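First up is the structure itself, then whatever we jot down about it.
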């Protein structure tokens, strides 16, 4: 298994890390078992956030002081995030994260899904608050996460952030690939989120082989032990790119490149109750992860909510990928109705 050093942080870890957003969906016992198995299986980097409901608490129970594990804190790298837009809120979030994680420090503290590249003297005080927390020893490295490529490029050039977390998978554009190179050139650690593009990519070997070609650290979103074992197997046999895997990647790229929903959910809540992050990609999910569960009365009812869309524009303002969500929703509903009517096979 290849190791990655995250830019100027000096953090060196296997190129196979744990994204803890999904563990908020399982109970405490299951989450702790999964986190312990991840560490025992070779993972040392764990990424969470204040926005992930109780994910931090579950990680604290697994690895923190007084938790139910005998893990050495210095052998585990913990990254978390804050959506704070004021210094006061950042400090409050940081104290909550330290308490939840049952730790004295956070290895990488990240501004979460930012709307701009925060800088010293920009009037927000956010960057100054990060420097203060670092000077106090509460955080060791300053990171940031972004979804918009223009903001990410500015961050990579700023010289202010030690790590950048950005969506990266084998659906990457040339501009995304250039961003990875820019980060490497500027000694900024690149943390790759959404390596499965929100669940649309289903070939783990292809995803891992792609990542291994770059100086990036993928954080795989995991909520089931079976999913975890798939990634841990790569510690014993890390997949190399082959003509067969290249064929998988090329096929997926031909089908998926362009406007598609990654299922992140930042567009929510919808003013008329549409489950946007599933309904806006139903056509892809129903084909790429075939399951009769997508055709149940529940999902039929959810999809029909799209007809209530009033084009309020709230989701358009929130979408970090600047997708035309109302249009995507209506296209997916039309396709869904044809599937139900038997006019289209899946």
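In our numbering, the protein residues as written are 72 to 417. Glycine included, C-beta positions come from ideal geometry on N, C-alpha and C. Every value quoted in this text rests on a predicted model; they were computed, and no experiment measured them.
Residue i to residue j span [Cα, whole Å]
{"i": "residue 205", "j": "residue 234", "result": "14 Å"}
{"i": "residue 219", "j": "residue 392", "result": "6 Å"}
{"i": "residue 258", "j": "residue 387", "result": "34 Å"}
{"i": "residue 255", "j": "residue 228", "result": "11 Å"}
{"i": "residue 415", "j": "residue 409", "result": "6 Å"}
{"i": "residue 236", "j": "residue 352", "result": "23 Å"}
{"i": "residue 119", "j": "residue 89", "result": "9 Å"}
{"i": "residue 253", "j": "residue 97", "result": "37 Å"}
{"i": "residue 365", "j": "residue 378", "result": "18 Å"}
{"i": "residue 248", "j": "residue 281", "result": "12 Å"}
{"i": "residue 123", "j": "residue 412", "result": "38 Å"}
{"i": "residue 207", "j": "residue 339", "result": "36 Å"}
{"i": "residue 317", "j": "residue 308", "result": "18 Å"}
{"i": "residue 251", "j": "residue 301", "result": "26 Å"}
{"i": "residue 331", "j": "residue 270", "result": "12 Å"}
{"i": "residue 113", "j": "residue 91", "result": "16 Å"}
{"i": "residue 73", "j": "residue 217", "result": "25 Å"}
{"i": "residue 101", "j": "residue 108", "result": "11 Å"}
{"i": "residue 396", "j": "residue 135", "result": "40 Å"}
{"i": "residue 111", "j": "residue 75", "result": "19 Å"}
{"i": "residue 190", "j": "residue 315", "result": "45 Å"}
{"i": "residue 143", "j": "residue 85", "result": "17 Å"}
{"i": "residue 224", "j": "residue 192", "result": "20 Å"}
{"i": "residue 383", "j": "residue 402", "result": "18 Å"}
{"i": "residue 385", "j": "residue 306", "result": "43 Å"}
Under 9 Å between C-beta atoms of residue i and residue j
{"i": "residue 184", "j": "residue 240", "result": "no"}
{"i": "residue 210", "j": "residue 232", "result": "no"}
{"i": "residue 312", "j": "residue 286", "result": "no"}
{"i": "residue 99", "j": "residue 117", "result": "no"}
{"i": "residue 260", "j": "residue 288", "result": "yes"}
{"i": "residue 380", "j": "residue 343", "result": "yes"}
{"i": "residue 181", "j": "residue 215", "result": "yes"}
{"i": "residue 268", "j": "residue 202", "result": "no"}
{"i": "residue 262", "j": "residue 77", "result": "yes"}
{"i": "residue 273", "j": "residue 359", "result": "yes"}
{"i": "residue 404", "j": "residue 374", "result": "yes"}
{"i": "residue 350", "j": "residue 376", "result": "yes"}
{"i": "residue 242", "j": "residue 87", "result": "no"}
{"i": "residue 333", "j": "residue 310", "result": "no"}
{"i": "residue 146", "j": "residue 115", "result": "yes"}
Start-to-end residues for the alpha helix (DSSP H) that takes in residue i
{"i": "residue 281", "result": "275-282"}
{"i": "residue 370", "result": "368-375"}
{"i": "residue 302", "result": "296-303"}
{"i": "residue 345", "result": "Where residue 345 is concerned, there is no enclosing alpha helix (DSSP H), given that its DSSP letter is neither H nor E."}
{"i": "residue 27", "result": "This structure cannot settle anything about residue 27, because the visible part of the chain is limited to 72 through 417."}
{"i": "residue 242", "result": "Segment: none, residue 242 is in no alpha helix (DSSP H) and carries neither H nor E."}
{"i": "residue 198", "result": "197-206"}
{"i": "residue 386", "result": "385-389"}
{"i": "residue 352", "result": "Per DSSP, residue 352 belongs to no alpha helix (DSSP H) and is neither H nor E."}
Residue range of the beta strand (DSSP E) that includes residue i
{"i": "residue 85", "result": "83-85"}
{"i": "residue 88", "result": "88-90"}
{"i": "residue 314", "result": "Element bounds for residue 314: not the beta strand (DSSP E) but the alpha helix (DSSP H), 314-327."}
{"i": "residue 236", "result": "234-238"}
{"i": "residue 263", "result": "260-264"}
{"i": "residue 397", "result": "From DSSP, residue 397 is part of no beta strand (DSSP E) but of the alpha helix (DSSP H) over 396-411."}
{"i": "residue 210", "result": "210-216"}
{"i": "residue 288", "result": "288-292"}
{"i": "residue 76", "result": "74-76"}
6 Å CB neighbourhood of residue i in its chain, flanking five on each side removed
{"i": "residue 212", "result": "80, 179, 233"}
{"i": "residue 406", "result": "354"}
{"i": "residue 82", "result": "148"}
Close beta carbons around residue i, own chain, < 7 Å, minus the five adjacent residues each side
{"i": "residue 161", "result": "153, 155, 197, 200"}
{"i": "residue 105", "result": "94, 293, 296, 299"}
{"i": "residue 246", "result": "220"}
{"i": "residue 103", "result": "129, 132, 133, 139"}
Near the ligand GDP: residue i beta-carbon under 8 Å from a heavy atom
{"i": "residue 214", "result": "With respect to small molecules bound, the structure shown includes none, and the ligand GDP cannot be examined in it."}
Min CB distance residue i to chain B below 9 Å
{"i": "residue 222", "result": "Considering every chain present, this structure includes no chain B. It has just one protein chain."}
Cβ neighbours of residue i in the same chain (closer than 8 Å, five flanking residues each side left out)
{"i": "residue 121", "result": "127, 151, 152, 153, 154, 164, 167, 168, 183"}
{"i": "residue 137", "result": "173"}
{"i": "residue 336", "result": "347, 348"}
{"i": "residue 362", "result": "none"}
Query raised in the report: Which runs of the alpha helix (DSSP H), 4 residues or longer, sit entirely within the stretch 111-194?
Result: 126-134, 158-172
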